[in-house]
Amino acid sequence: MAKNKLSVKKISELTGLSPATVSNALSGRRAVSKEASEKIAEVIKNLGYTTNSRKTLKNIKFVVFRKSGLIIDESVFHTAVIEGVEAEAKEHGLSTIFVKLQGDDVDYADQVRKLVTDPEAAIVLLATEMSSEDFEPFRNCPCPIILLDGWDEQGCFSSVLIDNFHSAFNAVEHLIANGHTEIGYLSGSFRIDAFKSREIGYLAGLSSHNLKAKSDYKFVLTPKLEAAYQDMKEYLAKKPKLPTAFFADNDLIALGCLKALVESGYRVPEDVSIVGFDDLNFCVLSNPALSTIHVNKPEMGREAVRRLIDFVENGNSTPFKIASTTTFVERDSVKKIKK
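Positions in the sequence shown are counted from 1; adding 1014 to them yields our numbering.
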C-alpha cells in the first residue's frame, strides 16, 4: 500500500489521544507515556502512515538568536559551530540556511512562527543569549529543533552545549596545582546561563580545596574585548589588591584584562596569572599567549545535525542534553608558584 503523508489529526482520531499528545510524540519536544507511544506506533504501522522522513527533510536552518549582542557579536564561537553544521549537513545531502533573530524586535514572535512552519527544514538554534521567555514562541513549533550552546529550564528542547561547570572547575584545579590560593573571578556583566554555570564551577573548585571566594577579587567586566579592557583599566586606576590568578568567563574578557594589566605596569604571569575560556584563535597571539579552555566547536555543530537527523528518521521523543567535554590548553599566562 502506498504510504500517506502523516496527519496528526487523523492519528488523533484513530487513537483517541489528543492532537497535542500525538504532536509531542512525533516531534520529540515532550516525552509521552509508553502506552500512548505504542498506540501511535501501531496506527502508523497498520495504516501505512509515515512521519517526517529524510525524503522531506531538505534543509538545516542555523538560527542565530541575538539579544544584547554582548556575547555573540565579537565571538567567533558561532562561526566555528557553523562550520560543523554545514559540513555534517552536506555529508547527508542537506543544505544549510542561515537565519538571524533579534530577540527584542516587536515582531519577534511572528518571525518565529514564519520560521518554524517549513515542512522541509529542521532547526539548529544558537541559544547562547536566550533566557526562558525567549523560548516561548518555539514551544509548540511543528518542525524538529535542537538548541546549541544553551538550554531551556522547562526541559522542552534537546540541547548540545558545553560542560561549563566541570570546565571551570578544572581550570581552578590547574591554578591550584600551580600553587595559587588567591584566585579571582573575571565575571561577564551580561549573565548568560553558560557564565552562571562557569561561576558555579569556579566556586566549587575553590571549595573543594577549602578555599573561599573573596568578593574583592570578583571583577565584573563587559564581555567584549575593548569594553573589558576599559572596565579593567578603571578597576586598576583605584589600585585594588589583586589575587595571584584570575579565571575569566571567556577569552575576550581575559584578553581585555591582560592588556589592561600590562599597560598598568603589572607583569603577566609574574604578578597575575590569567586563564580564559573558549580557546579563540588569537589566544596564541597575545603576549603572553593565553592559557584557556578548548571547546570543540565544529564537533558540537556536527552532533546537533546528527541528532536532528536521528530524530527525523527514528522519532526519538525523549528530550536530551549533551554536554561537550573540553580540554585545558596550557600556554604562558599562568605562573607556577614555588611552595
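All residues carry an ideal CB built from backbone N, CA and C; glycine is no exception.
Terminal residues of the beta strand (DSSP E) in which residue i lies
{"i": "Y1199", "result": "1197 to 1202"}
{"i": "S1347", "result": "Run containing S1347: none; DSSP gives neither H nor E here."}
{"i": "Q1116", "result": "1109 to 1116"}
{"i": "A1094", "result": "Taken as a continuous stretch (DSSP letters only), A1094 belongs to no beta strand (DSSP E), being part of the alpha helix (DSSP H) at 1091 to 1105."}
{"i": "L1269", "result": "Element bounds for L1269: not the beta strand (DSSP E) but the alpha helix (DSSP H), 1265 to 1277."}
{"i": "V1078", "result": "1073 to 1080"}
Residue-chain proximity (residue i, chain B), Cβ-Cβ < 9 Å
{"i": "G1164", "result": "Reference to chain B is not applicable here, since this structure consists of a single protein chain."}
Cβ-based neighbour list, residue i, same chain, cut-off 6 Å, excluding 5 preceding and 5 following
{"i": "A1034", "result": "none"}
{"i": "S1082", "result": "F1204"}
{"i": "S1181", "result": "I1307, T1340"}
{"i": "D1166", "result": "F1149"}
{"i": "A1103", "result": "I1074, T1110, V1319"}
{"i": "E1097", "result": "P1312"}
Which listed residue (the options) has its alpha carbon closest to that of residue i
{"i": "E1313", "options": "H1092, G1030, V1078", "result": "H1092"}
{"i": "K1075", "options": "K1352, S1026, P1158, P1257", "result": "P1158"}
{"i": "L1140", "options": "K1228, D1119, V1099", "result": "V1099"}
{"i": "E1196", "options": "E1284, I1206, P1257", "result": "P1257"}
{"i": "E1248", "options": "A1103, K1228, E1277, G1164", "result": "E1277"}
{"i": "A1208", "options": "V1174, A1191, S1221", "result": "V1174"}
{"i": "D1132", "options": "F1171, L1115, K1252, I1111", "result": "I1111"}
{"i": "V1138", "options": "F1171, K1226, H1106", "result": "F1171"}
{"i": "K1024", "options": "R1321, A1303, S1300, I1058", "result": "I1058"}
{"i": "Y1231", "options": "N1192, V1286, G1279", "result": "V1286"}
{"i": "S1347", "options": "L1220, S1300, F1183", "result": "S1300"}
{"i": "Q1116", "options": "E1187, E1052, R1080", "result": "R1080"}
Cβ shell of residue i (< 7 Å), same chain only, five flanking positions each side left out
{"i": "I1214", "result": "F1179"}
{"i": "C1155", "result": "V1130"}
{"i": "D1119", "result": "Q1125"}
{"i": "L1220", "result": "V1186, I1197, K1226, A1227"}
CB-CB length for residue i against residue j, believed under 8 Å
{"i": "A1318", "j": "L1217", "result": "Actually they are not in contact, since the Cβ atoms of A1318 and L1217 sit about 30 Å apart, beyond 8 Å."}
{"i": "F1239", "j": "E1088", "result": "The question names Phe, but residue 1239 in the sequence shown is Leu. Confirmed, about 6 Å."}
{"i": "Y1243", "j": "K1273", "result": "5 Å"}
{"i": "L1071", "j": "E1150", "result": "Not confirmed; about 25 Å, so no contact."}
{"i": "G1315", "j": "V1113", "result": "At roughly 15 Å, the Cβ-Cβ gap does not stay under 8 Å, so G1315 and V1113 are not in contact."}
{"i": "I1351", "j": "H1194", "result": "6 Å"}
{"i": "F1291", "j": "R1212", "result": "7 Å"}
{"i": "I1086", "j": "V1078", "result": "7 Å"}
{"i": "V1309", "j": "A1136", "result": "That belief does not hold up - the Cβ atoms of V1309 and A1136 are roughly 23 Å apart, past 8 Å."}
Neighbourhood of residue i by C-beta, 8 Å cutoff - its chain only, sequence neighbours within 5 removed
{"i": "C1014", "result": "The shown model of the chain, from 1015 to 1353, leaves out residue 1014, and the question about it has no answer."}
{"i": "E1052", "result": "none"}
Host alpha helix (DSSP H) of residue i (start-end)
{"i": "V1130", "result": "Looking at the DSSP string, V1130 is not in any alpha helix (DSSP H), and its letter there is neither H nor E."}
{"i": "V1286", "result": "Element bounds for V1286: n/a, residue is neither H nor E."}
{"i": "H1180", "result": "1178 to 1191"}
{"i": "R1205", "result": "Premise fails: R1205 is in no alpha helix (DSSP H) and is neither H nor E."}
{"i": "A1251", "result": "1239 to 1251"}
Between the segment 1233 to 1241 and the segment 1266 to 1281, are three or more C-beta pairs nearer than 8 Å? yes
Closer than 8 Å is the cut-off here; do at least three beta carbon pairs connect the segment 1292 to 1300 with the segment 1142 to 1155? no
Does the segment 1329 to 1338 touch the segment 1122 to 1135, meaning 3 or more C-beta pairs lie closer than 8 Å? no
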